[in-house]
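Residue numbers (my numbering): 18 to 194.
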């Protein structure tokens, strides 16, 4: 995200499956005008709100419970982030539908999808089938090595540092600054 902070600065950022909020805080620190972090777990969002308050992002980051399988439309945004939520094929297919939804509603929305788990093999294919119907360009995973990445989670007692190979898909990326 830091490489393309010009796409985030002053913009409305939506995060699907935000967890405890690393992406939300990253977007806020890069100057997002507003960040709406969504997750299905209210307790996780309470932890995110606490972290945002402690980091000084109370006025920038807000939260909302959102079930990706609901019929509730996604809020309008300039930039959408989906990171490490592709846990099974059914969820992957639904995330692909939601990515298509946001681009159909606003073709200028930039979408960043990141995955380090590799549980869902057909996600790129599902996404491209939908994009073909919308006459949008094909997308592809780009692998990126993240050495000495430090991550944490709700059920982990301490942060863990490890090296990870992440897959990233950018949708609607215009690299001109």
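For every residue, glycine included, the Cβ atom is placed at its ideal position computed from N, Cα and C.
Continuous alpha helix (DSSP H) stretch holding residue i: start and end
i	result
residue 140	140 to 150
residue 131	Per DSSP, residue 131 belongs to no alpha helix (DSSP H); it is in the beta strand (DSSP E), 127 to 132.
residue 37	That residue, residue 37, is in no alpha helix (DSSP H); it is neither H nor E in DSSP.
residue 69	59 to 71
residue 112	106 to 122
Beta carbon of residue i nearer than 9 Å to that of residue j
i	j	result
residue 44	residue 32	yes
residue 48	residue 22	yes
residue 156	residue 184	no
residue 130	residue 153	no
residue 147	residue 190	no
residue 77	residue 97	no
residue 50	residue 99	no
residue 151	residue 115	no
residue 113	residue 143	yes
Opening and closing residue of the beta strand (DSSP E) in which residue i lies
i	result
residue 32	29 to 33
residue 53	51 to 56
residue 81	78 to 82
residue 156	First-last for residue 156: undefined, no H or E at that position.
residue 74	Per DSSP, residue 74 belongs to no beta strand (DSSP E) and is neither H nor E.
Supposed contact pair residue j and residue i - C-beta distance, whole angstroms, cut 8 Å
i	j	result
residue 53	residue 92	6 Å
residue 95	residue 28	4 Å
residue 75	residue 55	With a Cβ gap of about 18 Å, residue 75 and residue 55 do not count as contacting.
Closer than 8 Å: residue i CB and nearest the ligand NAP heavy atom
i	result
residue 47	Absence of the ligand NAP from the depicted structure is noted, as is the absence of any ligand whatsoever, leaving it without description.
Own chain partners of residue i with C-beta closer than 8 Å, once the 5 adjacent residues on each side are dropped
i	result
residue 192	Summary for residue 192: the model assigns pLDDT 46, below 50, so the residue's position carries little reliability; its value from the coordinates is reported in the next sentence. Same-chain partners within the cutoff: 21.
residue 194	In this prediction, residue 194 scores a pLDDT of 43, lower than 50, which makes its location untrustworthy; no coordinate-derived value is stated.
Cutoff 7 Å; reference residue i; Cβ partners in own chain excluding five residues on either side
i	result
residue 136	103, 104, 105
residue 161	183, 185
Residues near residue i by beta carbon distance below 6 Å, same chain, minus five either side
i	result
residue 145	155
residue 141	158
residue 26	48
Is there contact between the stretch 100 to 118 and the stretch 78 to 90, where contact requires at least three CB pairs shorter than 8 Å? yes
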